[in-house]
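What follows is a set of notes on a single structure, which appears directly below.
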Amino acid sequence: MFTQTPDTSWYMIVGYIVFITLPTLFIVSMIWRHRNLMKDEEMIKNLLEDEKK
Amino acid sequence: MKSYLQAILAIARKDLAAEIRSRELVSAMLVFSLLVVLIFNFALDLDKSARENVAAGVLWVTFTFAGTLGLNRTFAAEKDRGSLDGLLLAPVDRTAIYFGKLISTLVFMLLVEAVVLPVFTVLYGISLFNISLFGVILLGTFGYGGVGTLLACMAAQTRTRDVMLPILLFPVTVPVMLGAVRASTGILANAEWGEILTWINILVVYDVIFVAVAVMVFDYLIEE
Amino acid sequence: MHSSTPKPLKILNIISILMFIVSLGLVFFYAPREAVMGEAQRIFYYHVPSAWLSFVAFGVTLIAGIAYLRTNDHRWDRLGIASVEVGIVFAVMALLSGMLWARPIWNTWWTWDPRLTTYTILLLIYFAYLMLRQGIEDPDKRARFGSVYGIVGFISVPITYFSIYLWRTIHPAVFGRNESETKMSMEPQMLQTFIFCNIFFMVLFVTLLWHRFRLESNTARVEELRMRASNA
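Set out below in structure tokens:
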């Protein structure tokens with residue numbers, strides 16, 4: 000008995016958009032947090048330097 | 000061993016005595032429970048048979064919410080008054096604090112439940128005076144209180160305090176809810192015992208596992 | 000000065016990216032179209048590893064929690080929080096993709112079957128974990144409490160699953176259908192794709208976990224610096 004395979008491509012595409020977006024967002028958030036951290040570290044180091052003078 | 004038990008009772012007695020004096024907590028829990036029962040009455044417009052189906056569920060939701068109130072107060076008061084430090088100075092195993100708090104919480108919850116049951120019977124027209132039901136309520140309250148006491152100790156020490164406890168507690172006590180409601184429904188509907196016993200087993204297993212875990216882990220929550 | 004990315008991690012980065020590209024190729028071009036479900040079935044290749052690895056992640060947090068309580072070494076706590084974050088990312092991916100896969104097949108976005116329900120509760124537990132940590136200032140307390148909740152949370156999951164499973168066996172829900180009812184015809188190319196994607200996700204998991212762990216270590220270091228600066 001022949002049944003037509005339904006066209007479910009839309010679901011696949013959205014699915015893979017999810018698969019790619021979520022880890023990307025996570026990586027971006029890590030990079031962003033890292034940048035902020037390095038900025039803070041610079042600032043604190045400068046503060047400590049100034050205090051020594 | 001004797002001093003351990005004495006410590007537990009002393010801690011429980013302290014909380015109970017404080018409550019007898021002020022009667023704040025139990026009255027708050029009581030009023031809140033009755034309000035919840037009332038709200039459910041308006042929220043779920045039920046005919047007689049539907050009411051019988053959901054009675055156990057409504058009952059346990061009521062106990063859960065009221066229990067949260069009780070649990071929050073158990074540790075919050077401690078932190079505010081700094082009396083926890085006094086407890087910590089005592090040369091007794093820290094888990095005595097856990098059991099002491101657990102006992103007082105259980106007493107409060109059971110008291111409230113004892114009042115809610117007859118009220119519920121009247122309002123819902125279903126007889127809740129059943130020994131097996133009492134047993135299930137005891138088991139469920141014990142499991143809920145057991146985990147609740149542990150988590151309340153943590154929640155009390157966070158910034159968000161009262162709000163934190165339900166967030167921590169509810170996802171983890173799903174088996175208690177399910178087991179208690181299913182067993183209660185079975186008992187009220189006079190279902191066959193095999194099924195009810197299965198749920199009671201789940202409650203027992205849960206209670207044992209989590210009180211054991213709580214005892215192993217409680218020390219780490221009160222280091223200063 | 001923070002240490003630069005260690006060599007093994009740099010290699011892992013490259014392997015991850017390469018495997019990612021290859022996996023996409025396999026999923027979209029090598030694996031044949033499944034007869035019953037159509038294109039949506041391709042979600043399966045990423046969905047399954049995402050789901051089981053999220054479990055692994057939370058298991059890592061369980062072990063890290065126990066290890067921290069016993070050793071008081073903060074590195075375990077950093078591993079714990081890192082693993083929870085990665086676990087949540089994987090879990091959300093698995094949940095959303097699962098819904099998208101289910102919809103064309105069972106014509107519903109959601110069923111309250113035991114696995115799905117327990118999985119949602121699992122996610123809620125770890126959101127609670129994050130909120131708990133955010134509400135605590137003292138790093139020692141944060142680590143201790145996180146460890147405790149990580150342990151309590153993980154242990155509750157099997158019991159929760161079992162009780163919901165029991166419930167649904169005794170009282171099957173009228174709506175929603177059992178996953179095992181749906182058959183999927185598996186051909187060799189599909190199996191190969193599936194295995195490759197699982198390996199890719201394992202590599203991805205370790206890579207992300209390691210990066211997140213390093214971020215946490217750096218954060219702790221800068222915190223310490225901050226303490227020193229405010230005390231000076």
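Protein chains in written order, with numbering that gives the first Met the number 0: chain G, 0 to 52; chain B, 0 to 223; chain U, 0 to 231.
Think of the CB as a built atom: it goes at the ideal place given N, C-alpha and C, for glycine as much as any other residue.
Counting along the chain, the unbroken alpha helix (DSSP H) around U/Ile154 starts and ends at 138-169.
Put simply, the backbone Cα of U/Leu95 is about 8 Å away from that of G/Val17. U/Leu68 has a beta carbon lying within less than 7 Å of a beta carbon in chain B. For B/Arg158, the chain U residues whose C-beta falls within less than 9 Å of its own C-beta are Gln133, Gly134, Ile135, Glu136, listed in chain order. Taking 7 Å as the cut-off, the beta carbon of U/Thr117 is found no closer than this to the beta carbon of U/Thr168. At a Cβ-Cβ threshold of 7 Å, B/Tyr205 and B/Pro174 count as neighbours.
Going by DSSP, G/Lys52 is part of no alpha helix (DSSP H) at all; its letter is neither H nor E.
At least one CB of chain U lies nearer than 7 Å to the CB of B/Pro170. Distance from the CA of U/Tyr67 to the CA of U/Val147, rounded to the nearest whole angstrom, comes to 10 Å. Taken through DSSP and simplified to helix, strand or coil, B/Glu222 comes out as coil.
Beyond the five residues adjoining it in sequence on each side, B/Asp14 comes within less than 8 Å, by CB distance, of Thr73, Gly99, Lys100, Ser103 in the same chain, given in chain order. Residues of the stretch 197-214 of chain B with a Cβ closer than 9 Å to any Cβ of chain U, in chain order: Thr197, Trp198, Ile201, Val204, Tyr205, Ile208, Phe209, Val212, Ala213. For the stretch 3-90 of chain U, the full-length alpha helix (DSSP H) segments reaching 4 residues or more read 6-24, 43-70 along the chain.
Any Cβ of chain B closer than 7 Å to the Cβ of U/Ile124 would place that residue at the interface, and such an atom is present. Excluding the 5 residues flanking it on each side, U/Phe89 has same chain C-beta neighbours closer than 6 Å at Ser49, Leu52, Ser53, in chain order. Against chain U, the CB of G/Thr20 has no partner CB under 7 Å away; the residue lies outside that interface.
Against G/Asp6, the close residues of chain U are Gly37, Glu38, in the order they occur along the chain (beta-carbon pairs closer than 8 Å). Residue environment: U/Ser82 is assigned as buried (16 or more neighbouring CB atoms within 10 Å of its CB, all protein chains considered).
Using a Cβ distance threshold of 7 Å, U/Trp108 and U/Arg114 do not count as a contacting pair.
Here U/Tyr164 has Pro113 as same chain residues with Cβ atoms under 6 Å from its own Cβ, once five neighbours each way along the sequence are excluded. In this structure, G/Asp39 places its C-beta atom within 7 Å of the C-beta atom of U/Val221. U/Ser3 and U/Met189 have their C-alpha atoms roughly 40 Å apart.
The contact set of B/Met163 on chain U, defined by CB atoms closer than 8 Å, consists of Met130, Leu131, Gly134 in chain order.
Look at U/Ile120: its C-beta is under 7 Å from a C-beta on chain B. For the 7 Å CB-CB criterion, U/Gly79 and U/Gly149 form a contact. Contact between G/Leu46 and U/Ala228 holds: their C-beta atoms lie close to 5 Å from each other, under 8 Å. A straight line joining the alpha-carbon of U/Leu208 with that of B/Leu167 spans about 25 Å.
At the C-beta level, B/Tyr3 and B/Ala65 stay beyond 7 Å of one another.
One thing to note: B/Val35 has its Cβ within 7 Å of the Cβ of B/Thr61.
For B/Asn189, there is no enclosing alpha helix (DSSP H), as DSSP marks it with neither H nor E.
Scanning B/Ala54, B/Ala6, B/Phe39 for the CA closest to the CA of B/Ser126 turns up B/Ala54. Assignment of B/Val91 by DSSP, reduced to helix, strand and coil, places it in the coil class. Across the structure, U/Trp100 and G/Ser8 are spaced so that their CA atoms are roughly 11 Å apart.
Within chain U, the residues placing a beta-carbon under 7 Å from that of G/Glu40 are Val221, Leu224, ordered along the chain. Per DSSP, U/Thr116 is one residue of the alpha helix (DSSP H) stretching across 113-133. C-alpha of B/Val216 to C-alpha of B/Glu194: approximately 33 Å in a straight line.
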